[in-house]
Amino acid sequence: MIRERIRENLGSMSPSFQEIGRWLLDNYDAIGFSSVHDLSKTIGVSNASLVRYTQALGFKGYKQFREAVQEEVKTKLHPDSEVTLNELDLLPVKKQLQRLSENEINNLSKTLKDISVQSLLEMVEGVFASNRIFISGFGVSKNIMQIFEYALTCLQIKDVHGITGSISDYSPKLHTISEGDSLFILTMPPYSPEAIHVASQAKMQGAKVFLFTDSANCPIYPDAKAVVRCANNSLLLTNSYVGMIAVIQVFINMLLLSSKGSLISHMKEIYHTEQEGYAFLKAQKEGLL
Numbered sequence: 008m009i010r011e012r013i014r015e016n017l018g019s020m021s022p023s024f025q026e027i028g029r030w031l032l033d034n035y036d037a038i039g040f041s042s043v044h045d046l047s048k049t050i051g052v053s054n055a056s057l058v059r060y061t062q063a064l065g066f067k068g069y070k071q072f073r074e075a076v077q078e079e080v081k082t083k084l085h086p087d088s089e090v091t092l093n094e095l096d097l098l099p100v101k102k103q104l105q106r107l108s109e110n111e112i113n114n115l116s117k118t119l120k121d122i123s124v125q126s127l128l129e130m131v132e133g134v135f136a137s138n139r140i141f142i143s144g145f146g147v148s149k150n151i152m153q154i155f156e157y158a159l160t161c162l163q164i165k166d167v168h169g170i171t172g173s174i175s176d177y178s179p180k181l182h183t184i185s186e187g188d189s190l191f192i193l194t195m196p197p198y199s200p201e202a203i204h205v206a207s208q209a210k211m212q213g214a215k216v217f218l219f220t221d222s223a224n225c226p227i228y229p230d231a232k233a234v235v236r237c238a239n240n241s242l243l244l245t246n247s248y249v250g251m252i253a254v255i256q257v258f259i260n261m262l263l264l265s266s267k268g269s270l271i272s273h274m275k276e277i278y279h280t281e282q283e284g285y286a287f288l289k290a291q292k293e294g295l296l
């Protein structure tokens with residue numbers, strides 16, 4: 008994998024090459040559409056520097072490097088299907104729906120089939136053993152993070168804190184993470200710099216890092232105590248989140264099973280409080296209060 012090669016060589020390269028490598032990792036999907044002139048201008052380096060960098064990675068030059076990235080992206084888009092983007096566009100709507108649905112079902116099936124039971128058990132143990140739970144997600148992953156945060160809050164196992172938004176938004180919470188806490192990161196390509204920053208800082212401050220992502224290409228992968236991989240095959244230039252959402256649901260249910268009934272009691276208490284709230288609003292609306 009080209010992305011993995013960039014990451015593996017990052018630490019051994021000169022500071023200027025490291026700067027190029029970090030930019031490419033953060034903007035990987037843009038490589039296949041950029042000329043050497045456009046990309047070097049965007050990064051802020053000379054054409055020659057970018058060419059020498061690709062040669063240091065083992066390519067003849069930028070052209071061969073870009074072609075390798077393009078081929079990798081094609082494989083990611085449809086490794087299990089011969090349907091190209093143009094072919095998909097030409098299909099009748101009903102057939103498009105069928106192909107797209109089948110792809111998502113395959114992602115769900117592959118995620119649950121290949122799931123690491125040991126990693127899930129480590130995550131369950133991490134929740135019960137932690138002082139506090141932090142959950143982080145950016146971009147679309149933020150929405151799944153909020154579902155995860157709400158579900159854990161309802162279980163009332165530990166204090167739960169969401170980390171998202173801009174650096175200035177999340178820095179006060181991130182600063183409080185310490186040894187004995189656990190951080191759950193949800194991230195899909197392109198892996199946001201904020202997610203990488205949060206994971207790095209949390210680990211440095213002594214917290215355990217748990218990761219939900221699509222592959223070992225994720226920069227956070229080596230630093231995570233346990234990883235659950237979510238299949239992310241797409242027929243279009245988008246991520247698939249069906250596997251990640253399913254895994255979160257499975258994880259919550261595993262927490263419930265592991266608690267031997269105590270968390271069910273918490274949820275029943277919350278449900279009772281909720282019903283009291285609806286009764287209060289109804290009485291207020293009817294003028295009884």
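Going by the numbering used here, the residue at position 49 of the sequence shown is 56; the numbering climbs one at a time, nothing skipped.
Even for Gly, the Cβ is constructed at its ideal location relative to N, Cα and C.
As the structure is a computational prediction, the values presented were derived from the model and not from experiment.
| Runs of alpha helix (DSSP H) wholly within the region 184–261 (minimum 4 residues, chain order) | 200–211
| message | For residue 209, tell me which candidate among 231, 197, 221, 54 has the shortest Cα-Cα distance. | response | 231
| field | Endpoints, alpha helix (DSSP H) assigned at residue 108 | value | 100–121
| message | Please give the ranges of any beta strand (DSSP E) in the region 16–62, keeping only runs that are unbroken, at least 3 residues long and fully inside the region. | response | none
| field | Range of the contiguous beta strand (DSSP E) that encloses residue 135 | value | Not the beta strand (DSSP E): residue 135 falls in the alpha helix (DSSP H), residues 124–136.
| query | If you run the structure through DSSP and keep just helix, strand and coil, what is residue 164? | reply | coil
| task | Return the CA-CA distance between residue 32 and residue 54, expressed in angstroms with no decimal places. | result | 18 Å
| request: Tell me residue 142's beta-bridge partners as DSSP assigns them. | output: 169, 191
| request: Classify residue 45 as buried or exposed, calling it buried when 16 or more other Cβ atoms lie within 10 Å of its own Cβ. | output: exposed
| field | DSSP-derived helix/strand/coil call for residue 76 | value | helix
| Given that a residue counts as buried once 16 or more other Cβ atoms are within 10 Å of its Cβ, and exposed if not, what is residue 169? | buried
| message | Can you check which of these residues, 290, 236, 187, is closest to residue 116 by C-alpha distance? | response | 236
| query | Which word fits residue 189, buried or exposed, when buried means at least 16 other C-beta atoms lie within 10 angstroms of its C-beta? | reply | buried
| Can residue 183 and residue 145 be called in contact, C-beta distance under 8 Å? | no
| Rounded to a whole number of angstroms, what is the C-alpha to C-alpha distance between residue 67 and residue 34? | 22 Å
| message | When you compare the region 253–260 with the region 272–281, are there three or more beta-carbon pairs, one atom per stretch, that lie closer than 8 Å? | response | no
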